[in-house]
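Visitor: Residue numbers (the working numbering): 11 to 270.
If you scroll down you'll find the structure; I have some questions about it.
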C-alpha cells in the first residue's frame, strides 16, 4: 500500500526537487517515454515495475505515473486535462547504478516534468469519501497464495476477480460504485461522473485473493448492492463521511512526451 503523503510533505517534496537546481535534479541516466502503440482503454491500464536500476511501465497513464512519483493514491490527484487517466504510455528508465524504489521516485518526478512539462501544486480539500472498514462480525478474506501474480489486477467483472492489497481493492471499488446498474443485464455498465474516493481503513495488511458474486437487482443502486456484497461475502463495509484530503492539483501537462 502506498503511504499517504500529507500536504506538508508534498510541499517539501516539490520544493526539494526545485532546491536542487534545474541543472542537477535527480534524474535517470537513460529514459524512454512514448505513447503506447496499442491503447488498451481504462480496463486495460498496465502497471509499473521497479527494478534494481530503474523502472518499466507498459500501458500506464500519466495519472498512474504521478501517483507512483509522489506516493499518493489516484483519488489524491485533481484537475488536469481529461486525457490524464485515458492516454497510455510505455516507459523505460534506468539509473547509472542500483537504486531503491524511494530513490527512483524523485527521478520519476524529474522525468515527468521534463517529458510532459508537468506542473502541479498541493492543496487540502474537504471531500466526500467512503471508508472501507471491517464489519462487526470480522473479515472473511483469503490471503493470497501466489505472490507472483501482479497486484491490483482484476478480471472482467472488476473486483469480482481481484489479487492485491486492500487499498488497491478500494481503488477498484471506487470505480465500481460510479457505474450505474444497467437496465439490460446483458450490457456492461459505464462509469458516470467522478468516483467517490474509497480509503482502506480496515487495518489489514497483506495481499488477498478476493472473489465475489455480484448479482444486479432491479431498482437497486450500486452502493446498496456493493454494501450487501461486502458485508455478506467479505465481512467488510463502507462508511460515508466528509474528510480533509491532501491532493495534488495538476496545473499543466502536455499529452505528447518530448525528448525521445
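Backbone N, C-alpha and C define an ideal beta-carbon position, used for all residues, glycine too.
The alpha helix (DSSP H) with residue 131 in it runs from where to where?
Guide: For the purposes of this step, residue 131 is taken as residue 121 along the chain shown, with counting starting at 1. Element bounds for residue 131: not the alpha helix (DSSP H) but the beta strand (DSSP E), 129-144.
Visitor: The ligand FAD and residue 132: does any heavy atom of the ligand fall closer than 6 Å to the residue's C-beta?
Guide: For the structure depicted, the ligand FAD is absent and the ligand set is empty, with no information on it obtainable.
Visitor: For residue 262, report the span of its beta strand (DSSP E) as first-last.
Guide: Here residue 262 refers to the residue found at position 252 when the chain shown is read from its first residue. It spans 246-262 - the beta strand (DSSP E) in which residue 262 sits, taken as one unbroken run.
Visitor: Report the partner residues of residue 40 according to the DSSP bridge assignment.
Guide: Position 30 of the chain shown holds residue 40. Answer is 104, bridged to residue 40.
Visitor: Taking C-beta to C-beta, are residue 137 and residue 259 nearer than 7 Å?
Guide: Working through the chain shown from its first residue, we reach residue 137 at position 127. Working through the chain shown from its first residue, we reach residue 259 at position 249. Going by C-beta atoms, residue 137 is not nearer than 7 Å to residue 259.
Visitor: Roughly how many whole angstroms lie between the Cα atoms of residue 245 and residue 149?
Guide: Here residue 245 corresponds to residue number 235 of the chain shown, with the count starting at 1. Here residue 149 corresponds to residue number 139 of the chain shown, with the count starting at 1. The alpha-carbon atoms of residue 245 and residue 149 are separated by roughly 4 Å.
Visitor: Could you compute how far the alpha carbon of residue 129 sits from the alpha carbon of residue 96?
Guide: Within the chain shown, the letter at position 119 stands for residue 129. Within the chain shown, the letter at position 86 stands for residue 96. Their backbone Cα atoms lie some 19 Å apart in a straight line.
Visitor: Would you decide whether residue 93 is buried or exposed? Buried here means 16 or more other CB atoms lie within 10 Å of its CB.
Guide: Here residue 93 corresponds to residue number 83 of the chain shown, with the count starting at 1. With fewer than 16 Cβ atoms within 10 Å of its Cβ, residue 93 is classed as exposed.
Visitor: Around the Cβ of residue 271, are there at least 16 other Cβ atoms within 10 angstroms (buried) or fewer (exposed)?
Guide: This structure leaves residue 271 out entirely; the chain is present only between 11 and 270.
Visitor: Please go through the same chain and pick out, in chain order, the residues whose beta-carbon is closer than 6 Å to the beta-carbon of residue 261, but skip the five residues on each side of it.
Guide: Here residue 261 refers to the residue found at position 251 of the chain shown. Excluding sequence neighbours, residue 261 sits near 129 and 130.
Visitor: How far does the alpha helix (DSSP H) with residue 238 in it reach, from first residue to last?
Guide: Here residue 238 refers to the residue found at position 228 of the chain shown. Segment 232-239, the alpha helix (DSSP H) holding residue 238.
Visitor: Evaluate residue 178 with the Cβ neighbour count: other Cβ atoms within 10 Å of its Cβ, from every protein chain shown; 16 or more gives buried, anything less gives exposed.
Guide: Numbered from 1 along the chain shown, position 168 holds the residue referred to as residue 178. The residue is buried, with at least 16 neighbouring Cβ atoms inside 10 Å.
Visitor: If we count the other Cβ atoms within 10 Å of its Cβ and call it buried at 16 or more, is residue 59 buried or exposed?
Guide: Here residue 59 refers to the residue found at position 49 when the chain shown is read from its first residue. Residue 59 should be labelled exposed.
Visitor: For residue 219, does the three-state DSSP call read helix, strand or coil?
Guide: Here residue 219 refers to the residue found at position 209 when the chain shown is read from its first residue. It is a strand residue.
Visitor: Is residue 123 helix, strand or coil by DSSP?
Guide: The count along the chain shown starts at 1 and reaches residue 123 at position 113. Helix.
Visitor: Pairs of beta-carbons, one from the stretch 31-50 and one from the stretch 116-128, closer than 8 Å: are there three or more?
Guide: Verdict: yes, contact present.
Visitor: Please state whether the Cβ-Cβ distance between residue 79 and residue 115 is less than 7 Å.
Guide: Looking up residue 79 in the chain shown gives position 69. Looking up residue 115 in the chain shown gives position 105. Contact flag set, yes.
Visitor: Strictly by DSSP, which residues pair up with residue 87?
Guide: Position 77 of the chain shown, counted from the first residue, corresponds to residue 87. Per DSSP, 258.
Visitor: Return the CA-CA distance between residue 214 and residue 248, expressed in angstroms with no decimal places.
Guide: As a position in the chain shown, residue 214 is number 204, starting the count at 1. As a position in the chain shown, residue 248 is number 238, starting the count at 1. Rounded to whole angstroms, residue 214 to residue 248 spans 15 Å at the Cα level.
Visitor: Consult DSSP for residue 112 and reduce its assignment to one of helix, strand or coil.
Guide: The residue given as residue 112 occupies position 102 in the chain shown. It is helical.
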